[in-house]
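Q: Here you go, one structure.
Residue numbers (my numbering): 528 to 764.
This is the structure we're talking about:
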């Protein structure tokens, strides 16, 4: 059943056949876009009208393209940027002074197309090769030897060495040498630790017991006692 056989209710407006959103797709056919095409006799494109005279005129006369004489004889426009710059350099700031300056001085803009064509030659230079140059062959021997990796490592080492030398020069440039007096001001002399606490009545009495085998073991035990006293409270630990 085609779409014409279907019965539609209501009035059929022209917009129903011109809006693709309102047209339902038919079974087995592509969706319509609602474009109105001309008659089958219509010819698309532009017709070329050229009276060339056929083969006889082509053999006897060769028509070459000629440049536009109007463009060659056309006077370029004034360069107002250069005129304003020269007027400002000469101290002319008012509109009347600039108008008089433009009337006395005439600077024209340069034609870039004409200047580019003047330096060009109609004939290419000798030994010129047209086309794209051939890509050089892949150096397989260098790839198998890992020469590029070694070159990269060498370059990195040289770059790091230059960076270290630069930092060293900067550090030595403004460095002040230390003297004995400056070292004494910065570092304090070592002081012996205070003796262990004793009662005044026993200050002059030597210890009767020595439980350490040597002075080394004694200092080692006291150092461990001081490091272990961090987690405890009190002055002595």
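Even for Gly, the Cβ is constructed at its ideal location relative to N, Cα and C. Just so it is clear, the structure is predicted and the values come from calculations on it, not from any experiment.
Buried or exposed for residue 734, going by 16 or more other Cβ atoms inside 10 Å?
A: With fewer than 16 Cβ atoms within 10 Å of its Cβ, residue 734 is classed as exposed.
Q: Using DSSP's beta-bridge definition, name the partner residues of residue 635.
A: DSSP lists 605 as partners of residue 635.
Q: Under the rule that 16 or more other beta-carbon atoms within 10 Å means buried, what is residue 615, buried or exposed?
A: That one is exposed.
Q: Within the continuous alpha helix (DSSP H) that includes residue 752, where are the two ends?
A: Residue 752 -> alpha helix (DSSP H) spans 742-755.
Q: Would you mind working out which of 607, 628 and 608 sits nearest residue 486, comparing C-alpha positions?
A: Given a span of 528 to 764 for the chain in the structure shown, any question on residue 486 remains unanswerable.
Q: With DSSP as the reference, label residue 576 as helix, strand or coil.
A: In this structure, residue 576 counts as coil in the three-state DSSP scheme.
Q: So what's residue 545 in DSSP terms, helix, strand or just coil?
A: Reduced to three states, the DSSP call for residue 545 is coil.
Q: Please state the DSSP three-state secondary structure of residue 675.
A: It is helical.
Q: If we call anything under 8 Å between Cβ atoms a contact, is residue 560 one with residue 552?
A: Cβ distance not < 8 Å, so residue 560 and residue 552 don't count as in contact.
Q: Can you give the Cα-Cα distance for residue 556 and residue 575, rounded to whole angstroms?
A: Using only the alpha carbons, I get a separation of about 38 Å.
Q: Can you name the start and end residues of the alpha helix (DSSP H) that residue 584 belongs to?
A: Residue 584 -> alpha helix (DSSP H) spans 581-587.
Q: Please classify residue 764: does DSSP put it in a helix, a strand, or coil?
A: Caution is warranted here: a pLDDT of 48 is assigned to residue 764, below 50, making its placement in the model unreliable, and the coordinate value is therefore given only provisionally. Residue 764: coil per DSSP, three-state reduction.
Q: On the premise that residue 634 lies in contact with residue 478, defined as a C-beta separation below 8 Å, what is that separation, rounded to the nearest angstrom?
A: Absent from the structure is residue 478, since the part of the chain shown begins at 528 and ends at 764.
Q: State the start and end residues of the unbroken alpha helix (DSSP H) segment that holds residue 709.
A: Residues 707-713.
Q: Do residue 638 and residue 603 count as a contact pair if the criterion is CB distance below 8 Å?
A: Yes; because the gap between Cβ atoms is below 8 Å, this pair is in contact.
Q: Distance check for residue 689 and residue 750, CA to CA, integer angstroms please.
A: If I take the Cα positions, the gap works out to 47 Å.
Q: In angstroms with no decimal places, state the Cα-to-Cα distance between residue 608 and residue 620.
A: Taking the straight line from one Cα to the other gives about 14 Å.
Q: At the level of alpha carbons, what is the spacing between residue 684 and residue 668?
A: If I take the Cα positions, the gap works out to 24 Å.
Q: So, with DSSP's three-state summary, where would you put residue 613?
A: Three-state result, residue 613: helix.
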